[in-house]
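Novice:
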C-alpha cells in the first residue's frame, strides 16, 4: 500500500494498518520518555519556581506586616510622649500660675500693710497737728482776749 | 478526458454531499459561541468561569463536522 | 511529482505518508520513520522550552520561562477547576498528554514537517488509553458506585432505562470522537493548505489568490492546533471528573 509507494499516497495513509505497530511502538516509547522528563525535570523545577515565588511573596508580606507593627508602635510611643509633654506643660503652667498668684498675693499683702502703715502715720500726724492747732488757737484766743481787754480798759 | 467509471463519479458526488455536514457544524459552533457571548455580555463577571464549558461545547459541535469531513475523505481516498 | 501531467495533480495526502528513514527501506515495527523523527524533534523542543528555558529560576520570569509557566499553570488550574483537588494527582499524566499533543500540532505547521497527531493510530491510542485509564480509575475509586454514571438518579424512574442506553452509547463513543476530533482537525487543516498550494502551483501568475488563502488558513490553523490540544486535554479532565465524582 502507501508505505512501499513513496511518491504518492494511495488512499489515506492514516488507514494503512501496516504502519500501526510502528506508530504505536514509537509513540509509547516517546510518551514514556516524555513522562519521565516531565516527572523528573519539569514538575520539580516548576514547583520550585512556584514555591520560591510564594516564599518571596510571603516574606515580603510578613515584612510589610512587621513594618506596619513597628509603625503602630512608634505611633503609640509618639502619642504617649505627646500626652506626657502635655501633662508636663499643664503642670508647669499650673505651678507658675500658683507661684505668680502667691507672689501677687504677697505683694498685695505688702502693699496693703504699707498703705495701712502710711495711713496710720498720716492719721497720727494729723492728730498731732490737730492737737497742736487746738492749743495754739486757745493760746492765740487767750492772748487776743487779754489784749482786747487791755485795749478796751486802756481807752476807757 | 472523461475516464473512470460510475463508481468513481458516485464517490466524488458523495464526498461533496458529505461536506455539507460541515455547514451544520459551523452553525452549531456559531450558536454555541454566540450564546456564550450574549450571556457573557449580560453577566461579564460569570464569563471567565464558563469559558472551559464553552470550549467543550465547541468541541462537541465541531466533532460532528469533522465526522462528515472524514466520511468525505473516506469516500475519496479509501 | 511534476513528471506526470494530469488535470488533477494535487496530492494532499502525501504529507501523511510514513516512510522509514533508518534501519532499512521496508517498514518494520521498529523502523525509525519520519514520524519518529518528528516525535524526537518535539521532545527536544519540549526540553528546550521547559528545561533549558527556566533553568535560571528567575523570580520575575523571562520570555522562555513565562511561556513554560503559563502552559504549566494553565493545565494545573484547568485540572483543579474541572476535576477538583483530587484530580491534581493525575496532573503529570495529563500534562504529558497535553504537551505531547500541543508540540506535535504546532510543529506540524512547519513546512515539510510531519504531523504525528494527524494519524488516527496515535490519537486513537491516546484516546483509548485515556478511556481505559478513566474507566479503571472510576471503578477503583467508587467500586460499583461508578455505574451511577449511567443510572441517573435524578431522572424519573420510567426514563432511566432509556437514559441508561443513551449514556452507555455516549460513554463508549467517547474514545472514537475523542480521537477522530483531533486527528480529523489536523488532517483537514493540513490537507486544505496542501490543496490550496496545489492550486497555487497550477495557476501561474494568478497564484496570488491561493497564496492569500494559504496565509489565512495558516492563521486559522495556528488557532486550531492550540485549541485542539486544549480540547483534547479538557475532555480528558471532564472524563476524569466523571470517574472521580460519578454521582453528578
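Protein chains in written order, with my numbering: chain A, 1 to 156; chain B, 1001 to 1078; chain C, 2001 to 2248. Ideal placement from N, C-alpha and C gives every residue a C-beta, glycine not left out. As the structure is a computational prediction, the values presented were derived from the model and not from experiment.
#1: Could you confirm whether any beta carbon from chain C is found closer than 9 Å to the beta carbon of residue 1049 (chain B)?
#2: By how many angstroms is the C-alpha of residue 2227 (chain C) removed from the C-alpha of residue 1053 (chain B)?
#3: Just grab the DSSP bridge partners of residue 1048 (chain B) for me.
#4: Is there a C-beta anywhere in chain A that falls below 9 Å from the one on residue 1074 (chain B)?
#5: Does any residue of chain C bring its CB to less than 9 Å from the CB of residue 1036 (chain B)?
#6: Could you work out which residues of chain C lie near residue 1066 (chain B), taking near to mean beta carbons separated by less than 8 Å?
#7: Any chance the CB of residue 2065 (chain C) is under 8 Å from a heavy atom of the ligand NAD?
#8: How far does the alpha helix (DSSP H) with residue 2078 (chain C) in it reach, from first residue to last?
#9: For residue 12 (chain A), report the span of its alpha helix (DSSP H) as first-last.
#10: Could you tell me whether the Cβ atoms of residue 2030 (chain C) and residue 25 (chain A) are closer together than 9 Å?
#11: In three-state DSSP terms, what is residue 2020 (chain C)?
#12: How big is the Cα-Cα spacing for residue 1022 (chain B) and residue 16 (chain A)?
#13: Quick test of the definition: if touching needs 3 or more C-beta pairs under 8 Å, does the segment 2134-2141 of chain C touch the segment 2198-2211 of chain C?
#14: Starting from residue 1005 (chain B), follow the alpha helix (DSSP H) in both directions and report where the run begins and ends.
#15: Hey, residue 2234 (chain C) and residue 1060 (chain B) are a contact pair by Cβ (cut 8 Å); roughly how many whole angstroms apart?
#16: For residue 950 (chain B), which residues in chain C fall below 9 Å Cβ to Cβ?
#17: Compute the Euclidean distance between the alpha carbons of residue 2077 (chain C) and residue 2232 (chain C), then round it to the nearest angstrom.
#18: Kindly indicate which three-state DSSP category residue 2198 (chain C) falls into: helix, strand or coil?
#19: Assuming contact is defined by CB atoms lying nearer than 9 Å, are residue 2230 (chain C) and residue 2131 (chain C) in contact in what I supplied?
#20: How would you list, in chain order, the residues of chain A whose beta-carbon sits under 7 Å from the beta-carbon of residue 2119 (chain C)?
#21: Could you name the residues that DSSP lists as bridge partners for residue 2135 (chain C)?
#22: List the residues that DSSP assigns as beta-bridge partners of residue 2033 (chain C).
#23: Kindly give me the distance between the Cβ atoms of residue 2189 (chain C) and residue 1070 (chain B), rounded to whole angstroms, as I take these residues to be in contact under 8 Å.
#24: Less than 9 Å between CB atoms is the rule here; does residue 1070 (chain B) satisfy it with respect to chain C?
#25: For a contact defined as C-beta to C-beta under 7 Å, what are the partners of residue 54 (chain A) on chain C?
#26: Can you tell me which of the three DSSP states residue 2246 (chain C) falls into?
#27: Is residue 2237 (chain C) buried or exposed, if buried means 16 or more other CB atoms sit within 10 Å of its CB?
#28: Shorter than 9 Å from the beta carbon of residue 17 (chain A) to some beta carbon of chain B?
#29: Whole-angstrom Cβ separation of residue 2096 (chain C) and residue 2105 (chain C), contact assumed at under 8 Å?
#30: Could you have a look at residue 2112 (chain C) and say whether DSSP puts it in helix, strand or coil?
#31: Go ahead and label residue 2090 (chain C) buried or exposed: buried means 16 or more other beta carbons lie within 10 angstroms of its beta carbon, across all protein chains shown.
#32: So which residues on chain B does residue 2013 (chain C) lean against when the C-beta distance must stay under 7 Å?
Specialist: Reading off the structure:
#1: The residue you call residue 1049 (chain B) lines up with position 49 of the second chain. At least one CB atom of chain C sits nearer than 9 Å to the CB of residue 1049 (chain B).
#2: The residue labelled residue 1053 (chain B) in the question sits at position 53 within the second chain. The residue labelled residue 2227 (chain C) in the question sits at position 227 within the third chain. If I take the Cα positions, the gap works out to 13 Å.
#3: Within the second chain, the letter at position 48 stands for residue 1048 (chain B). In the DSSP output, where bridge partners are listed per residue, residue 1048 (chain B) has none listed.
#4: As a working mapping, residue 1074 (chain B) is identified with position 74 in the second chain. Residue 1074 (chain B) counts as touching chain A.
#5: Counting from one through the second chain, the residue named residue 1036 (chain B) turns up at place 36. Not one beta carbon of chain C lies nearer than 9 Å to the beta carbon of residue 1036 (chain B).
#6: Against the second chain, residue 1066 (chain B) aligns to sequence position 66. By Cβ distance, chain C contributes 2180, 2181, 2184, 2185 and 2188.
#7: Absence of the ligand NAD is noted for the structure shown, with no ligands found whatsoever.
#8: Working through the third chain from its first residue, we reach residue 2078 (chain C) at position 78. For residue 2078 (chain C), the uninterrupted alpha helix (DSSP H) run begins and ends at 2063-2083, by DSSP.
#9: Indexing the first chain from 1 puts residue 12 (chain A) at position 12. Unbroken run through residue 12 (chain A): none, as it is neither H nor E.
#10: As a first step, residue 2030 (chain C) is located in the third chain; it is residue number 30 there, counting from the start. As a first step, residue 25 (chain A) is located in the first chain; it is residue number 25 there, counting from the start. Cβ distance < 9 Å, so residue 2030 (chain C) and residue 25 (chain A) count as in contact.
#11: Translated into the one-based positions of the third chain, residue 2020 (chain C) becomes position 20. Here DSSP, grouped into helix, strand and coil, assigns residue 2020 (chain C) to strand.
#12: Translated into positions along the second chain, residue 1022 (chain B) becomes position 22. Translated into positions along the first chain, residue 16 (chain A) becomes position 16. Distance between the alpha carbons of residue 1022 (chain B) and residue 16 (chain A) is about 25 Å.
#13: Judged by Cβ distances under 8 Å, the segment 2134-2141 of chain C makes no contact with the segment 2198-2211 of chain C, as fewer than three pairs qualify.
#14: For the purposes of this step, residue 1005 (chain B) is taken as the residue at position 5 of the second chain. Note, residue 1005 (chain B): premise wrong, no alpha helix (DSSP H); not H, not E.
#15: Here residue 2234 (chain C) is taken as the residue at index 234 of the third chain, counted from 1. Here residue 1060 (chain B) is taken as the residue at index 60 of the second chain, counted from 1. In this structure residue 2234 (chain C) is not in contact with residue 1060 (chain B), their Cβ atoms being roughly 11 Å apart against a cut-off of 8 Å.
#16: Here chain B comprises residues numbered 1001 to 1078, so residue 950 (chain B) is not present and cannot be evaluated.
#17: Here residue 2077 (chain C) is taken as the residue at index 77 of the third chain, counted from 1. Here residue 2232 (chain C) is taken as the residue at index 232 of the third chain, counted from 1. Their backbone Cα atoms lie some 16 Å apart in a straight line.
#18: Translated into the one-based positions of the third chain, residue 2198 (chain C) becomes position 198. Residue 2198 (chain C) falls in the helix class under three-state DSSP.
#19: If you number the third chain from 1, residue 2230 (chain C) lands on position 230. If you number the third chain from 1, residue 2131 (chain C) lands on position 131. Cβ atoms of residue 2230 (chain C) and residue 2131 (chain C): not closer than 9 Å.
#20: Here residue 2119 (chain C) is taken as the residue at index 119 of the third chain, counted from 1. Within chain A, 14 and 23 have C-beta atoms less than 7 Å from the C-beta of residue 2119 (chain C), given in sequence order.
#21: For the purposes of this step, residue 2135 (chain C) is taken as the residue at position 135 of the third chain. Note: residue 2135 (chain C) is not bridge-paired with any residue in the DSSP secondary-structure output.
#22: To locate residue 2033 (chain C), count along the third chain from 1; it is residue 33. Beta-bridge partners assigned by DSSP to residue 2033 (chain C): C:2020.
#23: In the third chain, counting from the first residue as 1, residue 2189 (chain C) sits at position 189. In the second chain, counting from the first residue as 1, residue 1070 (chain B) sits at position 70. Contact flag wrong, Cβ pair sits at about 14 Å.
#24: The residue you call residue 1070 (chain B) lines up with position 70 of the second chain. Residue 1070 (chain B) has a beta carbon lying within less than 9 Å of a beta carbon in chain C.
#25: As a working note, residue 54 (chain A) is residue 54 in the first chain. Under a criterion of Cβ atoms nearer than 7 Å, no residue of chain C is adjacent to residue 54 (chain A); the nearest Cβ is some 11 Å distant.
#26: Stepping through the third chain from its first residue, residue 2246 (chain C) is reached at position 246. If DSSP states are grouped into helix, strand and coil, residue 2246 (chain C) belongs with coil.
#27: Start at 1 with the first residue of the third chain, and residue 2237 (chain C) comes out as number 237. Buried, since its Cβ has 16 or more Cβ neighbours within 10 Å.
#28: Numbered from 1 along the first chain, position 17 holds the residue referred to as residue 17 (chain A). Closer than 9 Å: no.
#29: Working through the third chain from its first residue, we reach residue 2096 (chain C) at position 96. Working through the third chain from its first residue, we reach residue 2105 (chain C) at position 105. Not confirmed; about 15 Å, so no contact.
#30: To locate residue 2112 (chain C), count along the third chain from 1; it is residue 112. DSSP places residue 2112 (chain C) in coil when its eight states are reduced to three.
#31: Mapped onto the third chain, residue 2090 (chain C) falls at position 90. The residue is buried, with at least 16 neighbouring Cβ atoms inside 10 Å.
#32: Indexing the third chain from 1 puts residue 2013 (chain C) at position 13. Result: 1077.
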